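In this note's numbering, the protein residues as written are 41 to 738. Okay, structure first, notes after.
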């Protein structure tokens, strides 16, 4: 049993209860059962951590089983990628199994079910089968082939196996209950004909078992004690148990299916179909593109196994689906890399800094700490010379008072080096700064112990010696989608939310200590973020991927947009208190600018929903969101919310709200027809002249 020192999640509680009720500890066995039809993604990482984590906690074996029952979509490439990802995460499986290992046994069991009149061959088309299945509120009707003789069914099934029929001619169905309230129990499919080459069995089979038939029976054959699935398989549990009832031998362990909630990740998609779409339509370079939610993509971007495991453990498991903010995943990798990544200096938007009073031809090798978080990381030498590269944003010729970086007549410290003072600039014919000239305080070297070295200045800059710098391609990755939930909006294609700024490729410079950096080596570029060496990197050309910044820029942006909404709601109250049209126009203009600045689609849509209330300020804001935001699409809002919006606005105590909603209705003929009675009533009772003028147009 598990130690009681930690609180148990509900899956562990189920296991503990089973052990108390007599299940031998030696009977515990888990499995991770991916279908090899794509690369594993972050959602799989949570499932992997759950199943293999239980194996580690209970010292029980965990099988890796590929549910390879659909040769049309499955490939050996995906099998290899899945194994590689699991090993990289740090897990070891007890046995490598495949559903295809059991094809003969599944076939034999199906023959037995047909003989017991519990399965039959159906010759309807897929459209006919769908039609006679009924609806959740109406029972299905029997297939005209449901009462075929056992002999005919056996003959047809054998001929299906021999390949005598083309695809789609026949299927095998379990004979259960066409009136069941669970539609999955209405004579579910067990086999279909597919003349496809299988990545393991070749052309040996041309009939393939359906997932529901193969999965539970595979668990049984492997003696899996707890078959853990995501919540969408909850309705399948009844069928899982029915199939087991048909073949169960009480001398063997009976698997138990239990379900846990998906943990969806914001600003991404995890559907294999949609991930494949991103690949095939060249939105990304491949399954391992660093913007992808695949484990391969996250690995290439620079995420560590520890960070993914910590993320999975942090979010835990639950009984209800949940959207996890990707910032938590970024926090986990930032926290891990902070401990292990050596600090180096790199410049990604370089401008030349010339120290005019530094001796020509002189160079110094200065001592720099590798990682202050690791006392054993030691120090390295970095070269310093007259000409350096610094970040362009670290200099302003005419800087505001709170600019704490380099400017004319201002001092800053160069990391591990000297204090410098801005003196002048050199510009090209377009007015762009090409060189910054500064002087240095010769006595101010960091760590020298001199009085000058201990002077406090406004900021510290990173830099790279121009004479020693290594040129590098730096790929600045950002979130692939601008919306937190891109594939959940009615009437919107998730591809509409692809972030056009998700990849920027720049040429920068890094310190010479990185000359021999290898693929997947990780570093903190001081003051910039964490970067990893990409697999495209060579000895002639260094390539770095930005893993994550030192701070969460999206959190800052999100707070800014939320503040814009909240401030607008505060300002809108003043709209009803001022007395002139000019004052109201000024307030509306300011709020409209706030609304136009919003880019978060989900925030805008949700703000609309929340403000459909009887409060006149809220209703006016909802009307202005519709008026000024391109992101509000009523077709993507629930019908009851839209109806409530129009109904409440037409009946609002405020003529300003009534005026705005009438302007909207002029562009919505369907809604105008729907609310014709309310508009008619308003015509007879309205006293405000501007509203009456609008009503005359209906």
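Quick reminder that beta carbons are idealized off the backbone N, C-alpha and C, glycines included. Model, not experiment: these values are computed from the prediction.
- The beta-carbon distance between residue 394 and residue 431, rounded to whole angstroms, is 16 Å. This is too long to meet the 8 Å contact definition.
- Remark: C-beta atoms of residue 131 and residue 76 do not approach each other more closely than 8 Å.
- Note on geometry: alpha-carbon atoms of residue 193 and residue 69 lie some 37 Å from one another.
- Spatial neighbours of residue 414 in its own chain (CB-CB distance under 8 Å, excluding positions within 5 residues in sequence) are listed in chain order as 379 and 380.
- Within the segment 78-165, the complete alpha helix (DSSP H) segments of 4 residues or longer fall at 82-98, 116-129 and 143-155, listed in chain order.
- A straight line joining the alpha-carbon of residue 310 with that of residue 327 spans about 12 Å.
- Below 8 Å, enough C-beta pairs join the segment 331-351 and the segment 79-94 to call them touching: three or more.
- Taking the Cα of residue 125 as reference, the smallest distance to any Cα among 643, 343, 145 and 226 is reached at 343.
- Between residue 498 and residue 452, the gap from beta carbon to beta carbon is short of 8 Å.
- Annotation: residue 501 to residue 319 spans about 40 Å, alpha carbon to alpha carbon.
- Bridge partners of residue 423 according to DSSP: 405.
- Between the segment 274-289 and the segment 92-110 there are fewer than three C-beta pairs closer than 8 Å, too few to call the two in contact.
- By the Cβ test, the segment 602-621 is not in contact with the segment 568-583, since fewer than three Cβ pairs between them sit closer than 8 Å.
- Between the C-alpha atoms of residue 715 and residue 605 there is a straight-line separation of about 29 Å.
- For residue 225, the CB contacts under 8 Å within the same chain, skipping 5 residues up- and downstream, are 216, 217, 278, 279 and 282 in chain order.
- Where residue 546 is concerned, the enclosing beta strand (DSSP E) starts and stops at 543-550.
- Within the segment 535-603, the runs of beta strand (DSSP E) that reach at least 3 residues and sit entirely inside it are, in chain order, 543-550, 562-565, 569-573 and 582-589.
- Between the alpha carbons of residue 539 and residue 234 lies a distance of about 39 Å.
- Cα atoms of residue 324 and residue 313: separation of roughly 14 Å, rounded to the nearest angstrom.
- Residue 315 and residue 142 have their alpha carbons spaced roughly 30 Å apart.
- Listed in chain order, the alpha helix (DSSP H) runs fully inside the segment 280-335 are 312-320, counting runs of at least 4 residues.
- Here the alpha carbons of residue 392 and residue 473 stand approximately 9 Å from one another.
- By the Cβ neighbour-count rule, residue 107 is buried, with 16 or more other Cβ atoms within 10 Å of its own.
- If you draw a straight line from the Cα of residue 421 to the Cα of residue 371, it comes to about 30 Å.
- With a cut-off of 8 Å on Cβ pairs, the segment 449-464 is not in contact with the segment 529-538, counting fewer than three such pairs.
- Pairing residue 410 with residue 419 gives a Cβ-Cβ distance under 8 Å.
- For residue 711, there is no enclosing beta strand (DSSP E); the residue is part of the alpha helix (DSSP H) that begins and ends at 709-714.
- Note: residue 466 is bridge-paired with 475 in the DSSP secondary-structure output.
- Taking 8 Å as the cut-off, the Cβ atoms of residue 508 and residue 396 do not count as close.
- With at least 16 other beta carbons inside 10 angstroms of its own, residue 522 counts as buried.
- The three-state reading of DSSP puts residue 253 in helix, counting H, G and I together.
- Beta-bridge pairing by DSSP links residue 214 to 159.
- Contact between residue 481 and residue 459 is confirmed by a C-beta separation of about 5 Å, below the 8 Å threshold.
- Assigned with DSSP and collapsed to three states, residue 231 falls in strand.
- With distances taken between CA atoms, residue 702 lies nearest to 734 out of 416, 287, 734 and 329.
- Collapsing the DSSP output to three states places residue 671 in coil.
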